[in-house]
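In what follows, a structure is listed as structure tokens, so that the remarks can point back to it.
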DNA sequence: CTGAAAGCGCTAACAT
DNA sequence: ATGTTAGCGCTTTCAG
């Protein structure tokens, strides 16, 4: 098989100039090319299996039709895939390709990777964090089209896309309250930091704010109760575990796909805003929240047990 | 901020030609450039923050330093992230960037996405399936540098990278046998197809082959036993659930990272082979396999219960 | 209605 | 030891 045909091969074979081929194939509006010529060009192009060289095209057009996606931890969370998928599909819908890069939270590596992206003339970059947190935008990215995904940056004007944790917290509280619960609500996690929850991550805090916003009071837990007969449970993140448990766990899911999609959407928008976009976190109703049964046992005063993150990650 | 400096800006400022700048910055070996000139060029380049335009470079060099990664389902399995990470890090180590594309198992979309990749002159493509299976290599990919990841293609000469399921099956069997088990071994899953296991996926079958290879016989299950005191359990895939369970589940993990890494490694190798590379599947010893205790109860004849895939995915 | 030619930014032969 | 020049493959004025 000979090497790929160039535009000049098509031109030669169709007996026209490369300029004409270019116009026809790109459907340039203002061009009045004879229908016969046009048809012949299309035909020859198809016959030869001609495909324009994107590199040459990009160089000429000063646009690579490519988007950089830089992420701190592609693999550590099982959700990352959804986010990348959202970004990729949106990019594809806009005839862009996604260039993926992973920094592992190493600032030096991060700069290198971002430069590699910029060198290739990406049209913009999505700066993604896998856990919701505050970041400082790398110097090399300043003044360029950037969308923050799942994070905030202090002085940056780049738009940010993050899950609407606060409203999710409200929803969680409401679900319990609607089921009749008033007392004996035991809130686990949400504050503080630990090995598993590095500094700057604020999802838990925001959820807690939302929960407290709706809850009038919190009670103390009781042991030895059945779910959802005696006690209801609602959690965050909708990990696979949630639907494996018996009874199945009612949770509020992270909108990973939508976050990725929206980030790219914003990147490609005509006018870039610098807003913070809070994406709704969907409630997955399952079996762990039941209606309140008889004797409410106000065993004690309001108490909140915090800073305990059970493996499996609730709030 | 003015637009990015070109090589000619550096040349002008350093009082030399663009050719000299190019040679110095690319460290061309055969070039005898005066040390003073060299230093001045480096200095000016740094001062201006000059970065070569990758598009122009690629066009000239006929190589984009870019690899296409086409995957059927980026997001559906929590493991995909690991595979992508492996591929990305290996690409980065070779100064290549990964262009990610998702086809959702739609052949038309697949062709479109692959063409988008080829148009951008990717140096090669990794064709990845998220479940181990047989595929037919898309026509457009034939005759190009391709590595199959987690799949086989019939008539293709492309190398394939897949988990070594058969040996993993052997390992699983050995672990149990080493613990003293001979009877009462209950093998679940592994054969047939279902909604969750589309046609062509052969991981389960291969695992079973490996298990049967080592096991002399299989027994029947008993109910109401404790793990690992009365009964040992070993499973495949090492999903998060495995370490959440109590006792923690001993499993054989999928080598996702290594698979992704190796695929890119092969793609970038000098001489491309057309071998099938079986990557070892690591054993994660946890708590669910215990030593055999007293009375072995040969409750019945050998029997294998198949075609049952418990949610949570064992073999 | 179509062709010639310039140029996107870079590298590598070939001159000097 | 450095400069000149010819492209890489494409799009787009500007002439005709």
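Chains as they are written, first to last, in this note's numbering: chain H, 1 to 315; chain G, 1001 to 1315.
Where is the CB? At the ideal position from N, CA and C, for every residue including glycine.
All values derive from a computational prediction rather than experimental measurement.
By the neighbour-count criterion, in which a residue is buried when 16 or more other Cβ atoms sit within 10 angstroms of its Cβ, residue 1291(G) is exposed.
Note that the C-beta distance between residue 33(H) and residue 13(H) is not below 7 Å. Of all residues in the segment 249 to 261 of chain H, the ones placed with a Cβ closer than 9 Å to any Cβ belonging to chain G are 256, 257, in chain order. One Cα belongs to residue 1140(G), the other to residue 1117(G), and the distance between them is close to 11 Å. At least one CB of chain G lies nearer than 7 Å to the CB of residue 116(H). The beta-carbon distance between residue 1228(G) and residue 1178(G), rounded to whole angstroms, is 13 Å. This is too long to meet the 8 Å contact definition. Along the segment 220 to 247 of chain H, the alpha helix (DSSP H) occurs as fully enclosed runs of 4 or more residues at 240 to 244, listed in sequence order. Given a length threshold of 4 residues, each whole run of the alpha helix (DSSP H) inside the segment 6 to 88 of chain H is given here in chain order: 7 to 14, 18 to 25, 35 to 48, 54 to 61. For residue 1127(G), same chain residues with a beta-carbon under 6 Å away, outside a window of 5 residues either side, are 1070, 1146, 1148 in chain order.
For secondary structure counted as the alpha helix (DSSP H) over 4 or more consecutive residues, the segment 127 to 198 of chain H holds these complete runs in sequence order: 165 to 178.
In the three-state DSSP reduction, residue 104(H) falls in the coil class, being neither helix nor strand. Between residue 227(H) and chain G, the shortest Cβ-Cβ separation is not below 7 Å. Check the Cα spacing between residue 267(H) and each of 209(H), 181(H), 107(H), 87(H): the tightest is with 87(H). Counting of Cβ neighbours within 10 angstroms places residue 28(H) among the exposed residues, the total staying below 16. In the structure shown, the three-state DSSP call for residue 1271(G) is coil.
Residue state for residue 1204(G) is assigned as helix, using DSSP reduced to three classes. If you look at residue 1094(G), you'll find it isn't in any beta strand (DSSP E); DSSP assigns it neither H nor E. Taking a cut-off of 8 Å for Cβ pairs, the segment 1205 to 1217 of chain G and the segment 1160 to 1169 of chain G touch, as three or more such pairs fall below it.
With respect to chain G, the C-beta atom of residue 41(H) has no partner C-beta closer than 7 Å. For residue 277(H), DSSP records a beta bridge to 161(H). DSSP places residue 1124(G) within a strand segment (E or B) once states are collapsed to three.
Take residue 1121(G), set aside five residues on each side of it, and the residues of its chain with a beta-carbon closer than 6 Å to its own are 1064, in chain order. Taking each of 260(H), 158(H), 134(H), 9(H) in turn and checking the Cα distance to residue 47(H), the smallest one comes out for 9(H).
Chain-ordered listing is empty here: chain H has no CB closer than 8 Å to the CB of residue 1234(G), the nearest sitting near 19 Å.
In this structure, residue 1054(G) places its C-beta atom within 7 Å of the C-beta atom of residue 119(H). Note: residue 1109(G) is not bridge-paired with any residue in the DSSP secondary-structure output. Contact residues of the segment 68 to 94 of chain H toward chain G are 74, 75, 78, 80, 81, 82, 84, 85, 88, 89, 92 (C-beta to C-beta distance below 7 Å).
Comparing alpha-carbon positions, the option among 182(H), 236(H), 36(H) lying closest to residue 204(H) turns out to be 236(H).
For residue 1058(G), the closest Cβ of chain H is nearer than 7 Å. Here residue 20(H) is buried: its Cβ has 16 or more other Cβ atoms, across all protein chains shown, within 10 Å. Rounded to whole angstroms, the gap between the alpha carbons of residue 232(H) and residue 285(H) is 12 Å. About 5 Å separates the Cβ atoms of residue 289(H) and residue 250(H), confirming a contact at the 8 Å cut-off.
Contact annotation: residue 1102(G) and residue 1067(G) have beta-carbon atoms that are not nearer than 7 Å. The beta-carbon distance between residue 279(H) and residue 258(H), rounded to whole angstroms, is 5 Å. This is short enough to meet the 8 Å contact definition. According to the DSSP secondary-structure assignment, residue 1284(G) is paired through a beta bridge with 1251(G).
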